[in-house]
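Enquirer:
2 protein chains.
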Amino acid sequence: MNLKQLAEKLGLSQTTVSRALNDYPEVNEETRARIKKAAIENFYRPNTRAKSLATGLSMTIGHLIPVSTKHEIVNPIFADFIAGAGETYARHGYDMMLSLVEDGNEERAYRELKAKGSVDGIIVHSPKMGDPRIALLTEIGLPFVVHGRASHVTEDYSWLDVNNKRAFSRATEFLFSLNHRRIALINGLENLDFAHRRKSGYISAHDGAGVPVDPEMMFSGEMTEVQGYLSTRQALDHVNPPTAFLAASMISGIGVRRAVQERGLVVGKDVSIVIFDDELSYLKNGHDIPIFTATRSSVHFAGQRSAEMLLQIIKEPASGPLRELLEVDLVVGQSSGPAPARE
Amino acid sequence: MNLKQLAEKLGLSQTTVSRALNDYPEVNEETRARIKKAAIENFYRPNTRAKSLATGLSMTIGHLIPVSTKHEIVNPIFADFIAGAGETYARHGYDMMLSLVEDGNEERAYRELKAKGSVDGIIVHSPKMGDPRIALLTEIGLPFVVHGRASHVTEDYSWLDVNNKRAFSRATEFLFSLNHRRIALINGLENLDFAHRRKSGYISAHDGAGVPVDPEMMFSGEMTEVQGYLSTRQALDHVNPPTAFLAASMISGIGVRRAVQERGLVVGKDVSIVIFDDELSYLKNGHDIPIFTATRSSVHFAGQRSAEMLLQIIKEPASGPLRELLEVDLVVGQSSGPAPARE
DNA sequence: ACCAAAAACTAAAGCGCTTTGGAAGAAAGG
DNA sequence: CCTTTCTTCCAAAGCGCTTTAGTTTTTGGT
């Protein structure tokens, strides 16, 4: 059933029916009630395409997920982020469009999205340092919110980020307070901005404590279980192995733990592990006492908030660049303890 | 730049330009070349909304992800499935729309999708036993492919599934062959069809081997790490604890391992663990020797194939219900070994 | 009872595309 | 040389909605 048919059935013009359903004032309340009733009875739903063609609004938010042809990996963190964002969109009548876009094709993909008019706004994922997408989106005038930030970018833009630097400096300091002096960092890919910030937090804590940073204790890579495992093995093989590990996610932390246990070392005693916990729904950090000591920030919440911010910017572009920095909790779990006494 | 402007610029009618770009024959090859060149130079992209309004095709595939208001959990398996499907859509010029739909609202959500004309087809996720969505989608005439199957459904429909029953009977038999006689099943939610089939595979292997099934060794729940952990603890607390665990996913397997190790038991020696490995990109089952002995089937591939099937059905509805049953590999890893001798 | 203003409705244009039904000109056939 | 058939192009309708610019009906003030 489309508008025309509904209008005919009611013996009214399309104009009136459309106005009644969209709560315009210039329609008699009695008629409006009659129209709304008929709309419900006939399960009338305006055709989205027609509506958006007429209004110029697509009522759709795009999520462009960078996919590397080499690694071809989809971050599990997306699942929870998207769940959070999706809720918000649904509540506001927006749809969510997902596109996987390959490394080199990013500029084209974004321009296309604008030209095709398929979205009203975009969430930018996994910003890299000096990410060119920010200038690009500003140029083409597509509203966007970055999940994360991009260092070395001069534009003013909207973002929501976790205080990654602080998170990692706090975690490092916490380990220092337990007398650890040799801490391995199992980081994400360091061309990604968040990983860069985490590293700088790790380094600044070392500087603050006067502990030298050893580049051989810093690992970076895709945040997979296997990467956590392999990096940890390498770290433990060092002539001067670490007594503690700082892992970028629950998943790499699990890899760290596997490698540690494989060596017959006891987590929380021989070796401490601190992770960054995104509160992934399928990988919660335990049910009572946290499995891992962790800096914690819900990526589900981040998704929700980012979406809200984006919708706000779309509604009122003048409300200007919005920024939000989330602080993390430091929760102490079973995976950390005082550094073992040196023999 | 829209069609009208492009046509004016070229001194041609919209008709000719449109036809040239869509490779219709009734246009001079020289003119076509000229038009295509201009289109590229001006980065012309037809407005999707207008196009789909005119053609009646939305060129969009919908993924409705069931979200429970109670658990509010997004399965990480979706991430990889969607990555696979997304690739395929991109290659064929389709967009992907994601909606989170709450438990009770499913029927309405599907009908709305049809009425609003937002998608040309749908992938049905997480089918339950006797899932009503299949009858519903058949009734409203929206092309769909089910990822999984639904027992007790009489309709003919398209699906792509893993042979879950066989996977779990093989895994169980494998453990029997290692002399395990008491095997705990850490299953997914058993109202979900795949979990039901896995259970029946587990049971049929017991029947085949003449080993009685103990309901107290069968656990079911959301496939999280914590659920795996808690179920395992409960199983190990039993007066007659199991010597082996069969876990529904990598993630629950990790929970099983945690509980086992917490008791000071050695995986692969005191206790064997076999998992179902979906080949999640972030949780690969090790890099050389598999961490866990597993039945393996790539959910990324499943996403790809499901998408291909759906596009095929959309293109040629007559090509009828398509079905595809994927068999799993049984890969032996480090987590299984002969049952410990009874004292 | 009359006129202006407000209320309630409608016809038609327009969003940007595809597609139908021609039309004009060139090539082919007799 | 005239008719027929291609070839190549175009004007205009239509997809289903919103919205502008009116038109008709009611209301209210005098």
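So the sequence lines, in the order shown, correspond to chains R and A. Those letters in the first sequence? Residues 1 to 343, per my numbering, in order. Those letters in the second sequence? Residues 1001 to 1343, per my numbering, in order. Idealized CB from N, CA, C, for every residue including glycine.
Which residues share a DSSP beta bridge with residue 102 of chain R?
Expert: Here residue 102 of chain R is taken as the residue at index 102 of the first sequence, counted from 1. Answer by DSSP bridge pairing, in chain order: R:67.
Enquirer: Would you mind stating whether residue 124 of chain R and residue 100 of chain R have Cβ atoms separated by less than 9 Å?
Expert: Along the first sequence, read from residue 1 onward, the residue named residue 124 of chain R stands at position 124. Along the first sequence, read from residue 1 onward, the residue named residue 100 of chain R stands at position 100. Not a contact, by the Cβ cut-off of 9 Å.
Enquirer: Within a Cβ cutoff of 8 Å, which residues of the same chain sit near residue 269 of chain R, ignoring the five residues on either side of it in sequence?
Expert: Sequence index remark: in the first sequence, residue 269 of chain R carries index 269 (1-based). So the qualifying residues of the chain are 337 and 340.
Enquirer: Determine the direct distance from the alpha carbon of residue 1319 of chain A to that of residue 1116 of chain A, and round the result to whole angstroms.
Expert: Taking the second sequence and counting its residues from 1, one reaches residue 1116 of chain A at position 116. Taking the second sequence and counting its residues from 1, one reaches residue 1319 of chain A at position 319. Spanning the two alpha carbons is a distance of roughly 26 Å.
Enquirer: Can you list the residues of chain A that residue 116 of chain R reaches, using a CB-CB cut of under 8 Å?
Expert: In the first sequence, counting from the first residue as 1, residue 116 of chain R sits at position 116. Correct list: 1045, 1046, 1047 and 1048.
Enquirer: Would you please verify whether the beta carbon of residue 111 of chain R is less than 9 Å from any beta carbon of chain A?
Expert: Against the first sequence, residue 111 of chain R aligns to sequence position 111. Answer yes: the Cβ-Cβ gap between residue 111 of chain R and chain A drops below 9 Å somewhere.
Enquirer: Mind listing the chain A neighbours of residue 78 of chain R? Cutoff is C-beta to C-beta under 8 Å, in chain order.
Expert: Mapped onto the first sequence, residue 78 of chain R falls at position 78. By Cβ distance, chain A contributes 1079.
Enquirer: According to the neighbour-count rule (16 or more other Cβ atoms, all chains shown, within 10 Å of its Cβ), is residue 1195 of chain A buried or exposed?
Expert: The residue you call residue 1195 of chain A lines up with position 195 of the second sequence. So residue 1195 of chain A counts as buried.
Enquirer: List the residues of chain A whose Cβ lies closer than 7 Å to the Cβ of residue 286 of chain R, in chain order.
Expert: By 1-based counting over the first sequence, the position of residue 286 of chain R is 286. Correct list: 1226.
Enquirer: Anything in the stretch 86 to 100 of chain R with a Cβ closer than 8 Å to a Cβ of chain A? List those residues in chain order, please.
Expert: Answer set for the stretch 86 to 100 of chain R: 86, 87, 90, 95, 96, 97, 98, 99 and 100.
Enquirer: Taking C-beta pairs closer than 9 Å, name the residues in chain R that residue 1058 of chain A reaches, listed in chain order.
Expert: The sequence position of residue 1058 of chain A within the second sequence is 58, counting from 1. Here the neighbours are 48 and 49.
Enquirer: Whole angstroms is fine: what's the gap from residue 77 of chain R's alpha carbon to residue 261 of chain R's?
Expert: Taking the first sequence and counting its residues from 1, one reaches residue 77 of chain R at position 77. Taking the first sequence and counting its residues from 1, one reaches residue 261 of chain R at position 261. Those two C-alpha atoms are separated by around 26 Å.
Enquirer: Check this for me: beta carbons of residue 1359 of chain A and residue 1173 of chain A, under 9 Å apart or not?
Expert: With chain A running from 1001 to 1343 in the structure shown, residue 1359 of chain A is simply not present.
Enquirer: Just by C-beta distance, which residues in the stretch 1249 to 1272 of chain A are closer than 8 Å to chain R?
Expert: Listed in sequence order: 1251, 1254, 1258 and 1261.
Enquirer: Please check the pair residue 1193 of chain A and residue 1129 of chain A, which I expect to be a contact at CB under 8 Å, by giving their CB distance rounded to whole angstroms.
Expert: On the second sequence, position 193 is the one that residue 1193 of chain A refers to. On the second sequence, position 129 is the one that residue 1129 of chain A refers to. With a Cβ gap of about 5 Å, residue 1193 of chain A and residue 1129 of chain A count as contacting.
Enquirer: 9 Å is my cut-off, CB to CB: does residue 1035 of chain A come that close to chain R?
Expert: On the second sequence, position 35 is the one that residue 1035 of chain A refers to. Chain R, which has no Cβ nearer than 9 Å to the Cβ of residue 1035 of chain A, makes this no.
Enquirer: Mind pulling the alpha helix (DSSP H) runs of 4 or more residues that sit fully within the stretch 175 to 221 of chain R?
Expert: Correct list: 193 to 209.
Enquirer: Just curious, the alpha helix (DSSP H) that residue 1327 of chain A is in, first and last residue?
Expert: Start at 1 with the first residue of the second sequence, and residue 1327 of chain A comes out as number 327. Element bounds for residue 1327 of chain A: n/a, residue is neither H nor E.
Enquirer: Give the interface partners of residue 1230 of chain A over in chain R, defined as CB-CB distance under 8 Å, in chain order.
Expert: As a first step, residue 1230 of chain A must be located in the second sequence, where it is residue number 230. Going along chain R in sequence order, the residues near residue 1230 of chain A (Cβ under 8 Å) are 287.
Enquirer: Would you call the CB atoms of residue 1049 of chain A and residue 118 of chain R closer than 9 Å?
Expert: For the purposes of this step, residue 1049 of chain A is taken as residue 49 along the second sequence, with counting starting at 1. For the purposes of this step, residue 118 of chain R is taken as residue 118 along the first sequence, with counting starting at 1. Yes; because the gap between Cβ atoms is below 9 Å, this pair is in contact.
Enquirer: Where DSSP assigns a beta bridge to residue 1272 of chain A, which residues make up the other side?
Expert: Position 272 of the second sequence holds residue 1272 of chain A. Residue 1272 of chain A is bridged to A:1244.
Enquirer: Under DSSP, the beta strand (DSSP E) around residue 1121 of chain A begins and ends at which residues?
Expert: Here residue 1121 of chain A is taken as the residue at index 121 of the second sequence, counted from 1. That run of the beta strand (DSSP E) goes 1121 to 1124.
Enquirer: What three-state label does DSSP hand residue 152 of chain R in the structure shown?
Expert: The count along the first sequence starts at 1 and reaches residue 152 of chain R at position 152. Of the three classes helix, strand and coil, the one that applies to residue 152 of chain R here is coil, per DSSP.
Enquirer: Report yes if the C-beta distance between residue 1067 of chain A and residue 284 of chain R is below 9 Å; otherwise report no.
Expert: To locate residue 1067 of chain A, count along the second sequence from 1; it is residue 67. To locate residue 284 of chain R, count along the first sequence from 1; it is residue 284. No, the pair does not count as a contact, with Cβ atoms beyond the cut-off.
Enquirer: Whole-angstrom Cβ separation of residue 1267 of chain A and residue 1294 of chain A, contact assumed at under 8 Å?
Expert: Taking the second sequence and counting its residues from 1, the one referred to as residue 1267 of chain A is at position 267. Taking the second sequence and counting its residues from 1, the one referred to as residue 1294 of chain A is at position 294. So it is not a contact: roughly 13 Å between Cβ atoms.
Enquirer: Is it true that the CB of residue 201 of chain R sits closer than 9 Å to the CB of residue 171 of chain R?
Expert: Stepping through the first sequence from its first residue, residue 171 of chain R is reached at position 171. Stepping through the first sequence from its first residue, residue 201 of chain R is reached at position 201. For residue 171 of chain R and residue 201 of chain R, yes; Cβs fall inside 9 Å.
Enquirer: If you run the structure through DSSP and keep just helix, strand and coil, what is residue 1061 of chain A?
Expert: What you label residue 1061 of chain A is simply residue 61 of the second sequence in a count that begins at 1. The answer is strand: DSSP assigns residue 1061 of chain A an E or B state.
Enquirer: Use the C-beta contact count for residue 191 of chain R: other C-beta atoms within 10 angstroms, 16 or more gives buried, fewer gives exposed.
Expert: Looking up residue 191 of chain R in the first sequence gives position 191. The residue is exposed, with fewer than 16 neighbouring Cβ atoms inside 10 Å.
Enquirer: Would you grab the beta carbon distance between residue 160 of chain R and residue 302 of chain R for me? Rounded to a whole angstrom, and I think it's under 8 Å.
Expert: Translated into the one-based positions of the first sequence, residue 160 of chain R becomes position 160. Translated into the one-based positions of the first sequence, residue 302 of chain R becomes position 302. Sure, about 6 Å apart at Cβ, within 8 Å.
Enquirer: Taking the beta carbon of residue 1177 of chain A as the centre, do at least 16 other beta carbons fall within 10 Å, making it buried, or is it exposed?
Expert: The residue given as residue 1177 of chain A occupies position 177 in the second sequence. The residue in question, residue 1177 of chain A, is exposed, as its Cβ has fewer than 16 Cβ neighbours within 10 Å.
Enquirer: Using a C-beta cutoff of 9 Å, does residue 1082 of chain A count as contacting chain R?
Expert: For the purposes of this step, residue 1082 of chain A is identified with residue 82 of the second sequence, where counting begins at 1. Residue 1082 of chain A counts as touching chain R.
Enquirer: Leaving out the 5 sequence neighbours to the left and right, which residues in its chain are closer than 8 Å to residue 1241 of chain A when beta-carbon positions are compared?
Expert: Taking the first residue of the second sequence as position 1, residue 1241 of chain A is located at position 241. Only 1182 and 1235 meet the Cβ criterion.
Enquirer: Note down the Cα distance separating residue 1081 of chain A from residue 246 of chain R, rounded to an integer number of angstroms.
Expert: On the second sequence, position 81 is the one that residue 1081 of chain A refers to. On the first sequence, position 246 is the one that residue 246 of chain R refers to. Their backbone Cα atoms lie some 30 Å apart in a straight line.
Enquirer: Per DSSP, what kind of secondary structure is residue 300 of chain R in: helix, strand or coil?
Expert: By 1-based counting over the first sequence, the position of residue 300 of chain R is 300. Three-state result, residue 300 of chain R: helix.
Enquirer: Quick check on the burial criterion: 16 or more other C-beta atoms within 10 angstroms. Buried or exposed for residue 131 of chain R?
Expert: Against the first sequence, residue 131 of chain R aligns to sequence position 131. Its Cβ being crowded by 16 or more others within 10 Å, residue 131 of chain R is buried.
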